[in-house]
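Chemist: Each residue of the sequence shown is one higher than the one before, starting from 449 at the first, in our numbering.
All C-beta atoms, glycine included, are put in the ideal place defined by N, C-alpha and C.
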Amino acid sequence: MGGRGGGDALIDLWAAVDEGVPTVGGGVDTCLERFGTYNPDFGVRGLACAASPVLPLAQVVERAPVTPFRSGPHTVTADVVAFDFESTAEPRFGRYDPAFVRWAVAHAVPEGASRTLAQPVYDHHVRQIARMYWLAHRDLVEQGYPASLPAGPLADYAAYLRGAPPSAAASVPAYGPGFSVTAFNDESRALLSELGLPLANEYTAIYEGNAAYAFWMRREVDGTRGLWHGGLRDLLAAFDADWLAANG
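This is the structure we're talking about:
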């Protein structure tokens, strides 16, 4: 593995997102099998799905010095990045290799003229996600995470990741036991006033907030939370500096 270096190593991924989102937007079944989402036009999985026909994700991870995950329900080869989302009754998730995360965050922000070209892509497709993930992390820390959390869905999920059974209150019967994509709706909705964006459909941001809370708590378990948070700070500083200054 390995390949191009420097800040432009992933500029074609930015271009792929920009090209791919209009292609798959609205096709609710387009991304379900490979990416486990009905939402191809928002959310991290949606962006990954949108970009993949233009630039297969396997080609991106082939550039990294190591494979993304040390363990978890993923298959990563030269041809495919596949996910197994079938089990929700136990906390099966990918444990990132810190070396991969360091590579990803070091190369995610383009340099020079390429950054200027990437700014509209950030504005149109990434800004809402980046802000929601930042706000969710800040909210977790302000509530005392990882040392403690007030009783509720977030504390239940933290316990679940440590081996406790899934909270019945967080489960949706149609999905079976486990935490549904709506488990942190109340917490996510509370962040919307700080998002600083007009929302034609606030559900998109609430969905991303749900994903963000769970992401950060899983990253605490695999030991990469600080690396990802530093990378997100770099992304916001490059493309969204005024908002970051007001919400840092």
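Are the beta-carbon atoms of A556 and L692 separated by less than 7 Å?
Modeler: No, the Cβ-Cβ distance between A556 and L692 is not below 7 Å.
Chemist: Candidates R511, L683, F483, A506: which alpha carbon is nearest D571's?
Modeler: The residue with the shortest Cα to Cα distance from D571 is L683.
Chemist: Thinking C-alpha only, which one of P516, A496, E668, V509 is nearest R402?
Modeler: It is not possible to answer for residue 402, since the shown part of the chain is limited to 449 through 696.
Chemist: Measuring alpha carbon to alpha carbon, tell me which of S500, Y651, A552, A512 ends up nearest S636.
Modeler: For the residues S500, Y651, A552, A512, the minimum Cα distance to S636 belongs to Y651.
Chemist: Which same chain residues end up closer than 8 Å to D688 when comparing Cβ atoms and leaving out the 5 residues on each side of it in sequence?
Modeler: Around D688: Y570, R575, A578, R579.
Chemist: How should E590 be labelled, buried or exposed, when 16 other C-beta atoms within 10 angstroms of its C-beta is the threshold for buried?
Modeler: The residue in question, E590, is exposed, as its Cβ has fewer than 16 Cβ neighbours within 10 Å.
Chemist: Measure the alpha-carbon distance for V508 versus P601 and round it to whole angstroms.
Modeler: Those two C-alpha atoms are separated by around 35 Å.
Chemist: Which whole-angstrom value describes the C-beta separation of L503 and D460, a residue pair presumed to lie in contact below a C-beta threshold of 8 Å?
Modeler: Correct: roughly 6 Å between the Cβ atoms.
Chemist: Measuring CA to CA, which of P598, S562, Y655 is closest to A631?
Modeler: Closest option to A631, Cα to Cα, is Y655.
Chemist: Give the range of the alpha helix (DSSP H) segment to which S562 is assigned.
Modeler: Looking at the DSSP string, the run of the alpha helix (DSSP H) that includes S562 is 560-569.
Chemist: With 16 as the cutoff for other CB atoms within 10 Å, does S500 come out buried or exposed?
Modeler: When all chains shown are included, S500 counts as buried.
Chemist: Compute the Euclidean distance between the alpha carbons of G484 and H585, then round it to the nearest angstrom.
Modeler: Going by the C-alpha atoms only, they are around 23 Å apart.
Chemist: So, at 8 Å on beta carbons, what are the nonlocal neighbours of S519 in its own chain, with the 5 sequence-adjacent residues on each side left out?
Modeler: Once the five neighbours on either side are set aside, the close Cβ partners of S519 are G542, R543.
Chemist: Can you give me the start and stop residues for the alpha helix (DSSP H) that R518 sits inside?
Modeler: Where R518 is concerned, there is no enclosing alpha helix (DSSP H), although the beta strand (DSSP E) it sits in stretches over 517-519.
Chemist: Taking only three categories from DSSP, how would you classify Y593?
Modeler: It is coil, neither helix nor strand.
Chemist: Apply the 10 Å Cβ neighbour rule to G657 and answer buried if 16 or more other Cβ atoms are within range, or exposed otherwise.
Modeler: Burial call: buried.
Chemist: Is the beta carbon of A606 closer than 7 Å to that of M665?
Modeler: Contact flag set, yes.
Chemist: Just grab the DSSP bridge partners of R543 for me.
Modeler: DSSP, once it has assigned bridges, lists S519 as partnering R543.
Chemist: Give me the residue from V492, G491, L639, W551 with the minimum Cα distance to E510.
Modeler: Considering only alpha carbons, the answer is W551.
Chemist: How many Å lie between P613 and R540 at the Cα?
Modeler: About 13 Å.
Chemist: Between F548 and V492, is the Cβ-Cβ spacing less than 7 Å?
Modeler: Not in contact: F548 and V492 (Cβ atoms no closer than 7 Å).
Chemist: Using only the alpha-carbon positions, how far apart do A686 and A694 sit?
Modeler: Each residue's Cα considered, the two are about 15 Å apart.
Chemist: Mapping the DSSP letters down to three states, classify R637 as helix, strand or coil.
Modeler: The answer is helix: DSSP assigns R637 an H, G or I state.
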